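For the sequence shown, position 30 (counting from the first letter as 1) is numbered 30 according to the UniProt record's numbering, and the numbering increases by one without interruption.
Taking it in order: structure first as structure tokens, then the write-up.
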Amino acid sequence: PLGIRKAVRHGSAFDVWSSTLVIIGYATPAFLFAILLIVVFAGGSYLSWFPAQGLLSENFD
1 PLGIRKAVRH GSAFDVWSST LVIIGYATPA FLFAILLIVV FAGGSYLSWF PAQGLLSENF
61 D
């Protein structure tokens with residue numbers, strides 16, 4: 001679907017931006033991408049969908 005849309009709109013702003021994002025995506029190392037996903041989904045400041053810390057009891061000091 002992305003390739004078809006890029007081919008139909010060759011040279012447009014969508015073509016340039018999607019090419020830029022794809023190149024950046026391929027150039028980003030997997031470990032850096034994984035760290036960014038952890039910060040976004042488990043960091044606590046953006047989304048707290050996954051716990052980043054261990055389980056503690058309510059009476060833990």
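All C-beta atoms in this analysis are idealised placements derived from N, C-alpha and C, irrespective of residue type, glycine included.
Keep in mind it's a predicted model, so treat the numbers as computed, not measured.
Span of the alpha helix (DSSP H), counted from its first residue to its last, around residue i
i	result
GLY3	2 to 8
TRP17	13 to 27
LEU36	30 to 42
Identity of the residue in the options nearest residue i by Cα
i	options	result
residue 62	PRO51, PHE50, GLY43, LEU2	This structure leaves residue 62 out entirely; the chain is present only between 1 and 61.
Residue-chain proximity (residue i, chain B), Cβ-Cβ < 9 Å
i	result
ALA30	Structure shown: chain B not included; a single protein chain is present.
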